[in-house]
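Residue numbers (our numbering): 1 to 1065. Even for Gly, the Cβ is constructed at its ideal location relative to N, Cα and C.
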């Protein structure tokens, strides 16, 4: 609802109070300049003018004359107009910083970028440009990331308002509304924040930079301190309730623990927001000082009275009736024994400033984190006496499920998804209602609006009636019709968590609602309809479901905190925010959580479903066998029982015609092998509006999951263009990549992720490579065996023995016990052209979980490590080694193809490049992989044995010299270790031959190993001798490797231009 200011807190107020407006130099001239623009806005002149024709004057007048940025000096200046990015040539309308002429050209240090739009442009609305649907704000942020590492600020304006953003955050900004800029407080704030002396500094940190940094540090410290106290207090309160309420169900007690915390949080917030009398909680403490009551629960009696007053109202104490459900009569809670000592700790929470230090946005983060803690506690509840073993297992499973499946969704993600889905749907409705065909309104049209007094014939009373011409009538009719659309929109989050998406939806709809009301008021000479917009949105527009009852309550609380208002009751949310299993309606499987959509949201389902479905559905969570059976019947196309994909299916089932679904989930959905049929089904039945890849964005803390945002529309069409976008981690800003047709998506149904790294030039090279036969035509390819599978072993050996075999890895040994035990090589043992000898043995036979024919472990073969990096790691062996799926094995099927010829191709730069662009797992988070299917489909040119022989000779050199390099390296380390027993072989010491002797000595010093002068003399000679030998071998390897790369390019007939495309990856 309210704008979230960057500096809207008590710390900034102190600094602003010290700034005296009368000390501003040339104040009269500055106010005169501002007033000229205000008059131009009032007259409508600026609205009729394109930004290009006035932007230079605007920049000079406001940033130059008013704010003090030098722009007239031709040698040194601070305001640069039409600033071009050095990286891609895109151009911001302006930049603030330090610019000067030097002997080497123009020196620049950009501190802020400026983007200007015309006065009719909404800064938060997507622009209708071809291939670019970004908002002006997003466009401005894209310039900041290209302006150098010292660009900290982003300024956006449409001549009506000027906004200042920090380059790291689109969610909060300082806004200066030009028509109100001459009001003293506004002018003072405007000049203090944006003037050159404060906003930018050439050498030191600027005043505003420092204030921002300090504010971030304070906020981080307070938030961390608050949450630690909050978390500790929850545990203390829960323990207190258990200790003093013996025999009560622990789940009930935990539920009441959380409810009490929610109530106290709400009261603290309302106190500091002026919705409850100041020090309401503190005053209850005063009772203890003056009471002669010896009971230890005096506070609890008082607090129950306070909660009842908040629920029902207590006018003598200036307490409104809030109602809403949070403070409703709760017999179970009221009957609990709660002593004063723990309640005093809860009351101490009110010492925090909930208006500034712990605001609604910070509480949102805390609530989200709280959900993980709640599930962890629930997983540990139960002392064995009042819970059956089965119930405890279910609690643990569900606790783990939530903990592993749900992650906090950052605001820049919720904001983008809501704007694209809700905003996109509303934009369509506007177009359907004829917004683009509305006549332009002139001053003459506005002058036609008049108020007439007419007498009502039946009552005889005078009434005021508006009259207007047809142009005004058309506009009023449009905005009234549009208002009905927004009043009836239905938005759902089916896994709502702490309510992050629903809160964002509320903010978006509230802002649009205000715009509509302002437009209608303008067309009706200021007359406004009395209408509770916030209550209407909460009760008619937003809906949520979650499996976790605490999540449901936290969602309600977060919405109440956002909309609480003195003089108004809280909006009841029980009908809109519900607890249940969004995927399962069968009580025999889901118990009380079984959720029947047609019963819980009957009217919506009867009317076709929800208009918008948004969310961050859980992922990576397991199902039991009954759940799997149920969900298979629900949608048999879902691969690997992935829960988030079931949420896609459920969402599409609940969508209204032309409704939009937009989720964030793992980007493996775009390329998972077993998901081809599911993706094809989606493509057949729906329009895919956009896919935004977040591979380069660390979206979620403490997880390596790479994600994407996927948006579809419930409408079938053949002529669909899908927008492809990316979000980069440094700017958190959406960047369009290109648009793609439905046909292209269908042709590449196996892997949509590759589009984000494609270009027409790259695609041409890939198609050229693909023309050759696949490896599976000439070789047999298999992954290694799977030694253990717990479920199978428990079935075969019983639970105790089965678990023992897995947990103790009983079929593995460090020595060969019998002939059944075979040497086992691991993925980490494989390098390019070389492999280590195994250090483990496996008892191999058909008893292992995933048996593989021994020919893949005994024949001459290529070993390919599953985990890849900047290279594939492929080696050749003729020895008998067994391996798990961490290695893929390639053996001959056709004798006219040498394995060494194939090995050269697999280890080449070209195949690494090809794999990166075509394989689903090549860009997978921290551990990119090559899959068996990728290897089978690698294109291999058909060549003569003579041509192969050249590659075989080169590979023999690579195998020989790679082994020699390993031996010299290991021999050196062996000598080193014998001399210094305590030495730990670090990554740098392991590659000692890449260091100078000085750096080598420093590495030893880090481990407190110091050489005497005699030692140094001996070691430097030995080190340099061995280093020279190693470097000589390395050069042979490097030269041979380059020659192989060159020959492989020739094999695939790549031109020099095409080779450069590969090399420049």
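- Following the DSSP letters along the chain, one finds residue 334 inside the alpha helix (DSSP H) bounded by residues 331-334.
- Per the DSSP secondary-structure output, residue 594 pairs in a beta bridge with 581.
- When rounded, the separation of the alpha-carbon atoms in residue 915 and residue 645 is 26 Å.
- Bridge pairing for residue 739: 723 [DSSP].
- The Cβ atoms of residue 887 and residue 827 lie closer than 7 Å to each other.
- Assigned with DSSP and collapsed to three states, residue 616 falls in coil, not helix or strand.
- For residue 415, the uninterrupted alpha helix (DSSP H) run begins and ends at 411-432, by DSSP.
- DSSP places residue 77 in the strand class (E or B) of the three-state scheme.
- With the rule of 3 Cβ pairs closer than 8 Å, the segment 609-624 counts as touching the segment 490-499.
- In this structure, DSSP gives residue 15 a helical state, which the three-state scheme calls helix.
- DSSP places residue 710 in the strand class (E or B) of the three-state scheme.
- Residue 899 sits away from residue 1048, with the two beta carbons spaced by 7 Å or more.
- At the C-beta level, residue 1033 and residue 965 come within 7 Å of one another.
- Excluding the 5 residues flanking it on each side, residue 678 has same chain C-beta neighbours closer than 7 Å at 637, 638, 639, 645, in chain order.
- Secondary structure in the segment 941-970: no beta strand (DSSP E) run of 3 residues or longer lies completely within the stretch.
- Between the alpha carbons of residue 870 and residue 199 lies a distance of about 43 Å.
- Bounds of the alpha helix (DSSP H) holding residue 268 are 250-272.
- For the 7 Å CB-CB criterion, residue 349 and residue 268 form a contact.
- Within 10 angstroms of the beta-carbon of residue 861 lie 16 or more other beta-carbons, which makes it buried.
- In this structure the segment 427-441 does not lie against the segment 132-147, because fewer than three pairs of beta carbons, one per stretch, are closer than 8 Å.
- In the structure shown, residue 478 falls within a helical segment according to DSSP collapsed to helix, strand and coil.
- Your pair residue 762 and residue 917 checks out as a contact, with CB atoms roughly 6 Å apart and the cut at 8 Å.
- With a beta-carbon spacing of about 5 Å, residue 339 and residue 296 fall inside the 8 Å limit used to define contacts.
- When Cβ pairs closer than 8 Å are counted between the two stretches, the segment 919-933 is seen not to touch the segment 794-802, the count staying below three.
- Contact between residue 194 and residue 67 holds: CB atoms are separated by about 5 Å, below the 8 Å threshold.
- A residue is called buried when at least 16 other Cβ atoms come within 10 angstroms of its Cβ; residue 544 meets this threshold and is buried.
- With a threshold of 16 other beta carbon atoms within 10 Å, residue 978 falls short and is exposed.
- Residue 337 holds the alpha-carbon nearest to the alpha-carbon of residue 246 among 162, 337, 368.
- In terms of CA proximity to residue 464, 454 leads the group 1004, 752, 454, 472.
- Counting C-beta atoms within 10 angstroms of its own C-beta, residue 409 has 16 or more neighbours from the protein chains shown and is therefore classed as buried.
- 7 Å or more divides the Cβ of residue 692 from the Cβ of residue 719.
- Following the DSSP letters along the chain, one finds residue 102 inside the beta strand (DSSP E) bounded by residues 91-102.
- Membership of residue 109 in the beta strand (DSSP E) is indicated by the continuous run 105-116.
- Bridge partners of residue 544 according to DSSP: 493, 577.
- With contacts defined as CB atoms closer than 7 Å, residue 502 and residue 542 qualify as a contacting pair.
- With contacts defined by Cβ atoms closer than 7 Å, residue 955 and residue 903 form a contacting pair.
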